[in-house]
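Numbering (our numbering), first residue to last: 920 to 1216. Remarks on the structure that follows.
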């Protein structure tokens, strides 16, 4: 922690030195490119003291209040404290810088310094402090807004991934158990149909394995899978389940296994018997893909 703080101070010293050099060079041009001014270390040292003191006070102040308050939960408090606090500290830093400039660098007495100070000397400092502080807050509001949007998108993405994973993993183990039971019966009763059933069952699990890592799939592939899945259910319920797929435009995308989930729910929450057959219809409206079934309770 101490090493990090030392690194921050050293970095800020370099930044202050660069600011001082830039200001010194600008003043050098404003003074007619006089070499004597360029080689004079006193203005350079004064510029460094202003940059370092004002910057150090503001950075320390903002670091302190942002440890107590968060931009996410207390933005108004940070503005209410930040703007006047920064202006006051900037004026204080400007005052300290002027003391160093007049007394320490140029050798004037403190009384002489005070006698030549005026209120108007600090108006420029207040103006600069307001501009810098408002820019700082505008930047943090922008940064907070971007971060908030990123957090919201990240949450949506994680929710989508979780739902997607649930869809991929939701092929009910009971489905496999029931399918194997049906297969065992068909092997004895109707070997040809048993072969068809085995082929369809392998296609179902092959689709699940193939699409496990996919975010979306084409509607046509999902409909093909739904047909295979519905055929298995029809054989399982001995034709007590009937279905119809009426989708002409298949040039869309959907989440893998989303149709299977809805079909499984229709079977799970309804009676499927010879007296009470289940009818499932899949069709498309202008805006939606609809999975519709009759109610057998």
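The beta-carbon is built from N, C-alpha and C at its ideal position, and this holds for glycine as well.
Exposed or buried, residue 969, counting other C-beta atoms within 10 Å across all chains shown (16 or more means buried)? Taking the first residue of the chain shown as position 1, residue 969 is located at position 50. Classified as buried, residue 969 has 16 or more neighbouring CB atoms from the shown chains inside 10 Å of its CB.
For the 8 Å Cβ check, are there 3 or more pairs between the segment 1002-1022 and the segment 976-991? Yes, the segment 1002-1022 touches the segment 976-991.
Could you give the residue range of the alpha helix (DSSP H) that holds residue 954? Position 35 of the chain shown, counted from the first residue, corresponds to residue 954. Segment 954-958, the alpha helix (DSSP H) holding residue 954.
Is it the case that the segment 984-993 contacts the segment 1032-1039, given that we only count it when at least three CB pairs across the two stretches are under 8 Å? A contact between stretches requires three or more CB pairs, one per stretch, nearer than 8 Å, and the segment 1032-1039 fails this requirement with the segment 984-993.
Thinking just about the alpha-carbon of each residue, which of 1146, 1053, 1192 is nearest to the one in residue 1156? Here residue 1156 is taken as the residue at index 237 of the chain shown, counted from 1. With distances taken between Cα atoms, residue 1156 lies closest to 1192.
Tell me, please, whether the segment 1165-1177 touches the segment 1133-1141 by the rule of three or more beta-carbon pairs shorter than 8 Å. As far as the Cβ criterion goes, the segment 1165-1177 touches the segment 1133-1141, which means the pair count is three or higher.
Have a look at residue 1053 and residue 975 and give me their C-alpha separation to the nearest angstrom. Residue numbering aside, residue 1053 sits at position 134 when the chain shown is read from its first letter. Residue numbering aside, residue 975 sits at position 56 when the chain shown is read from its first letter. Cα to Cα, the separation comes out at about 18 Å.
Are the CB atoms of residue 984 and residue 997 nearer to each other than 8 Å? As a position in the chain shown, residue 984 is number 65, starting the count at 1. As a position in the chain shown, residue 997 is number 78, starting the count at 1. Yes, these two residues count as a Cβ contact at 8 Å.
Contacting residues, own chain, Cβ-Cβ under 8 Å from residue 1111 (five flanking each side not counted): Position 192 of the chain shown, counting from 1, holds the residue named residue 1111. If we look at residue 1111 and ignore the five residues flanking it on each side, it has no Cβ neighbours.
Residue range of the beta strand (DSSP E) that residue 1184 falls in? Counted from its first residue, the chain shown places residue 1184 at position 265. Careful: residue 1184 lies outside any beta strand (DSSP E), inside the alpha helix (DSSP H) at 1177-1187.
On the criterion of 16 or more Cβ atoms from any shown chain inside 10 Å, does residue 1184 qualify as buried, or is it exposed? What you label residue 1184 is simply residue 265 of the chain shown in a count that begins at 1. Here residue 1184 is exposed. Its C-beta has fewer than 16 other C-beta atoms within 10 Å.
Of the residues 1016, 971, 1159, 1125, which one's Cα is nearest the Cα of residue 929? To locate residue 929, count along the chain shown from 1; it is residue 10. Considering only alpha carbons, the answer is 971.
Report yes if the C-beta distance between residue 1176 and residue 1210 is below 8 Å; otherwise report no. The residue you call residue 1176 lines up with position 257 of the chain shown. The residue you call residue 1210 lines up with position 291 of the chain shown. No, the pair does not count as a contact, with Cβ atoms beyond the cut-off.
If I follow the unbroken beta strand (DSSP E) through residue 1165, where does it start and stop? Indexing the chain shown from 1 puts residue 1165 at position 246. Residue 1165 -> beta strand (DSSP E) spans 1160-1165.
So residue 1150 is in the alpha helix (DSSP H); what residue range does that whole segment cover? Here residue 1150 is taken as the residue at index 231 of the chain shown, counted from 1. Residues 1138-1155.
With 16 other CB atoms within 10 Å as the buried threshold, where does residue 1038 fall? Walking along the chain shown from the start, residue 1038 turns up at place 119. Exposed: under 16 other Cβ atoms inside 10 Å.
What residue range is occupied by the uninterrupted beta strand (DSSP E) comprising residue 1197? Working through the chain shown from its first residue, we reach residue 1197 at position 278. Residues 1197-1203.
Among 959, 1073, 1143, 1018, whose alpha-carbon lies nearest the alpha-carbon of residue 1040? Locating residue 1040 in the chain shown gives position 121, where the first residue counts as 1. Per the Cα distances, 1018.
Mind checking residue 948: buried by the 16 CB within 10 Å criterion, or exposed? Along the chain shown, read from residue 1 onward, the residue named residue 948 stands at position 29. By the neighbour-count rule (16 or more Cβ atoms within 10 Å), residue 948 is not buried but exposed.
Taking just the CA atoms, how far does residue 961 sit from residue 1026? Here residue 1026 refers to the residue found at position 107 when the chain shown is read from its first residue. Here residue 961 refers to the residue found at position 42 when the chain shown is read from its first residue. Their Cα atoms are separated by approximately 11 Å.
Is it buried or exposed, residue 926, if we count other Cβ atoms within 10 angstroms and call 16 or more buried? As a position in the chain shown, residue 926 is number 7, starting the count at 1. The residue is exposed, with fewer than 16 neighbouring Cβ atoms inside 10 Å.
Anticipated Cβ contact below 8 Å, residue 966 with residue 943, distance rounded: Start at 1 with the first residue of the chain shown, and residue 966 comes out as number 47. Start at 1 with the first residue of the chain shown, and residue 943 comes out as number 24. Contact annotation, residue 966 with residue 943: C-beta distance approximately 6 Å; criterion of less than 8 Å satisfied.
On the DSSP letters alone, give me the boundaries of the alpha helix (DSSP H) that residue 1022 sits inside. By 1-based counting over the chain shown, the position of residue 1022 is 103. For residue 1022, no alpha helix (DSSP H) segment is defined, and its DSSP state is neither H nor E.
Nearest candidate by alpha-carbon position, reference residue 1196, set 932, 1188, 934: Here residue 1196 refers to the residue found at position 277 when the chain shown is read from its first residue. Comparing Cα-Cα distances from residue 1196 to each of 932, 1188, 934, the minimum goes to 1188.
Note down the Cα distance separating residue 1120 from residue 1208, rounded to an integer number of angstroms. Position 201 of the chain shown, counted from the start, is the residue given in the question as residue 1120. Position 289 of the chain shown, counted from the start, is the residue given in the question as residue 1208. Roughly 25 Å between the two C-alpha positions.
Per DSSP, the bridge partner or partners of residue 1172: Here residue 1172 refers to the residue found at position 253 when the chain shown is read from its first residue. Beta-bridge partners assigned by DSSP to residue 1172: 1137.
Go ahead and label residue 950 buried or exposed: buried means 16 or more other beta carbons lie within 10 angstroms of its beta carbon, across all protein chains shown. Locating residue 950 in the chain shown gives position 31, counting from the first residue. Per the 10 Å Cβ criterion, exposed.
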